[in-house]
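Following my numbering, the numbering of the sequence shown begins with 644 at its first residue and continues without gaps.
No residue lacks a Cβ here, since even glycine has one placed at the ideal position from N, Cα and C.
What follows is a single structure, written as structure tokens, with notes after it.
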Amino acid sequence: MLDLYFSLPNPMISPTVVLSVIGGVWLVARFLRPSKSPLPPGPARKPLLGNLLEFPKAKEWIKYGEWTEKYGDIISLNVLGQTVVVLDSTKDVKELFINRASKYSSRIRMTMIHLVGWEVGTATCPPGDTFRATRRFMTQILGPHAVKGYVEVEDEEISAFIRRLVRTPGGEMNLQLQRMAAAIILRLTYGYEVKADDDEFVALAKNALRIFHTAAQPGWIVDVFPSLRFLPSWFPFATFKRKAVEWRKVVEASRQRTLDWTRTQIEAGTAAPSFAAQLLADSERMKDEGLFSMVLADLFAAGGDTTMASGLKLFLALATHPDAQAKAQQEIDNFTRGERLPTYEDRPYLPYIDALLKEVQRWDTPVAPLGLPHCTSEEDVYKGYCIPKGAIMFANIWSIFHNPEKYPDPETFKPERFLEKQERKTASGDIINEDPNHFVFGFGARHCPGRHLADSTQWLLAAKLIATCNVSNAVDMQGRHLGSRTVEFSPGVVSQPARFTCIVEPRSPQAEGLLFEGAN
């Protein structure tokens, strides 16, 4: 039966192709028209199809790295007339995404995502008044000064998470990491405390996030032909529209029920401090309640997956690099003398923990190997190359982190690389062993507004876990013991280690006592 959802030629084709196809039809004319300046070099293109058939099925960042080795630090590809430009050099990334942000900060429109109710997400909202208004609000609640006030909540939820792991050896670590991430976000956003693995609001948020990921998948014909969004849901074969109507109800219910819960707590005089409480007290912003309720809900979408992926990488790195784990434990023991657990105020005195976290970000596959794609809002010329309006732009963060000139011996997990006192540069002037946080949280106007919260959460998780537990014996789902070079990572915008288990046990009776001290 004909349906207005279709599959691309290869059902496993990469997300890059999806983004390319969306704008491809109306850009065919541009592809055929000569330009004053040449496009960046890249693989040879076939008429009309361009490089469609050459795209990898998954983990396209690896193939992009191979192409940049062959063609240079800036390459271009073409899919059905849509130009895709990949940047492999930190200098080029910073020049275009930061110094020329006014031209390189747009997003490609994905109509299905808009139809299901995610139209003003931090990752998808195009530049304009709405984008600026939502960013101002996000900066207000997630700026570096504001985040200092959230440490107590992070600390409590992280400690509870580690206690659950210790109490239930062999338990579902992925589920518990999801619960921890959701608990932090829901407490800060709505003042709501998660008290069970099957919590109703966590389930609502996860369903809404699952809809986002489904709507972002390849194959929605309305992404290729946006005018189809005007079809009524009863129209024959318009299954995409009926799904969108159904899914939008779920997304909107997730937002409204949590916000209404906070409103009820405020009316009863029992509300905990939260972003939602701030919003509900702001009469000016409440004139557009729908917009800002979407912004609050987007915090879970933006932070849930990345927090879990970063957490899994931390556990995997510790389990497969016991020497680094032992050094981190020794640093904490020397500072606290085993008399207490580390706190966030201790961070300046625990440089190896910081270095280890930076190496977790850099090592193997970054959480977002290509970041989120940028889109050009106008034509530009850079290094003699034409970057056309509407080009999809990627920074190949994976390739940057595996550049042996920038990160010597890149395949080795070596936190010590980030403890060097004196800055060194490559022959081209690039900083050697540059802080990965300069890359993993995005660039310019599109940097992640929640980066300070994400950073403090990851630091507290690492410090508490390393101080109290030994992490060991990482095993995949086939029962194979994992080494530092045998780990598989998932494809997609957010990449995480393939499912594995590990042993998490208290380092000593004294450490266990500190972990459970004062716990309910």
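Which residue comes first and which comes last in the beta strand (DSSP E) that contains residue i?
i              : result
isoleucine 828 : Taken as a continuous stretch (DSSP letters only), isoleucine 828 belongs to no beta strand (DSSP E), being part of the alpha helix (DSSP H) at 816-833.
serine 1042    : Counting along the chain, serine 1042 falls outside any beta strand (DSSP E), though it belongs to the alpha helix (DSSP H) covering 1040-1044.
leucine 720    : 717-722
valine 727     : 725-730
Exposed or buried, which one is residue i when buried takes at least 16 other CB atoms within 10 Å?
i              : result
valine 661     : Confidence at valine 661 is low in this model, with a pLDDT of 48, below 50, so its placement is unreliable and the value that follows should be read with caution. Its Cβ being crowded by 16 or more others within 10 Å, valine 661 is buried.
proline 1164   : Residue 1164 cannot be examined here, being either before or after the span of the chain that is shown, 644 to 1163.
proline 683    : buried
methionine 929 : exposed
methionine 753 : buried
aspartate 1007 : buried
serine 1042    : buried
glycine 666    : Note that glycine 666 has pLDDT 47, beneath the 50 cutoff, so the model's placement of it is unreliable and the number below is only indicative. Buried, since its Cβ has 16 or more Cβ neighbours within 10 Å.
alanine 914    : buried
alanine 971    : buried
glycine 1033   : buried
histidine 1017 : buried
proline 965    : exposed
If we ignore side chains and look at the alpha-carbon of each, how far apart do residue i and residue j end up?
i                  : j                  : result
alanine 848        : aspartate 989      : 33 Å
proline 808        : arginine 885       : In the sequence as displayed, the identity of residue 808 is leucine instead of proline. C-alpha separation (whole angstroms): 42 Å.
alanine 672        : aspartate 842      : Any reading at alanine 672 must be qualified, since the residue scores a pLDDT of 42, below 50, and its modelled position is unreliable; no value is offered.
leucine 999        : phenylalanine 958  : 12 Å
phenylalanine 1044 : serine 1138        : 15 Å
aspartate 1052     : serine 926         : 55 Å
valine 722         : leucine 739        : 22 Å
phenylalanine 1037 : arginine 775       : 23 Å
proline 1009       : phenylalanine 1061 : 17 Å
leucine 922        : arginine 853       : 26 Å
Would you mind working out which of the options sits nearest residue i, comparing C-alpha positions?
i               : options                              : result
isoleucine 1146 : Leu831, Val1130 and Arg810           : Arg810
alanine 1105    : Lys886, Pro812 and Ala960            : Ala960
aspartate 840   : Arg853, Glu815 and Thr832            : Glu815
valine 888      : Gln899, Thr901, Arg900 and Leu874    : Leu874
leucine 1015    : Arg806, Ser749 and Asp997            : Ser749
leucine 695     : Pro965, Glu709 and Gln725            : Gln725
tyrosine 1050   : Ala1034, Gly834, Arg1067 and Phe1037 : Arg1067
alanine 825     : Thr1100, Lys746, Ile1109 and Thr1069 : Thr1100
alanine 687     : Glu697, Val729 and Pro1009           : Glu697
isoleucine 784  : Phe918, Phe1159, Lys737 and Met1036  : Phe918
glycine 1087    : Gly685, Ile741 and Pro690            : Ile741
Counting along the chain, where does the alpha helix (DSSP H) carrying residue i start and finish?
i                 : result
leucine 682       : Neither: leucine 682 is in no alpha helix (DSSP H) and is coded neither H nor E.
valine 893        : 882-911
leucine 999       : 994-1005
lysine 843        : Reading off the sequence shown, one finds glutamate at residue 843, where the question assumed lysine. Note, glutamate 843: alpha helix (DSSP H), 843-858.
proline 770       : Looking at the DSSP string, proline 770 is not in any alpha helix (DSSP H), and its letter there is neither H nor E.
leucine 758       : 754-758
glycine 1085      : Counting along the chain, glycine 1085 falls outside any alpha helix (DSSP H), and DSSP gives it neither H nor E.
histidine 788     : 787-790
phenylalanine 864 : Note that residue 864 corresponds to isoleucine in the displayed sequence, not to phenylalanine. That run of the alpha helix (DSSP H) goes 864-867.
isoleucine 705    : 703-714
Pull the bridge partners of residue i from the DSSP assignment, please.
i               : result
glutamine 1139  : Answer is none; glutamine 1139 lacks a bridge partner.
histidine 1095  : Histidine 1095 pairs with nothing; no bridge assigned.
serine 748      : Its beta-bridge partners do not exist; DSSP assigns none.
valine 1113     : First, the residue type needs correcting, since residue 1113 is asparagine and not valine in the sequence shown. Note: asparagine 1113 sits in a beta bridge opposite Glu1148.
tyrosine 1025   : Tyr1028
isoleucine 1074 : Lys1068
isoleucine 1035 : Val727 and Cys1018
Would you say residue i lies against chain C (beta-carbon separation less than 7 Å)?
i            : result
glycine 1027 : Here chain C cannot be found, since the structure has a single protein chain.
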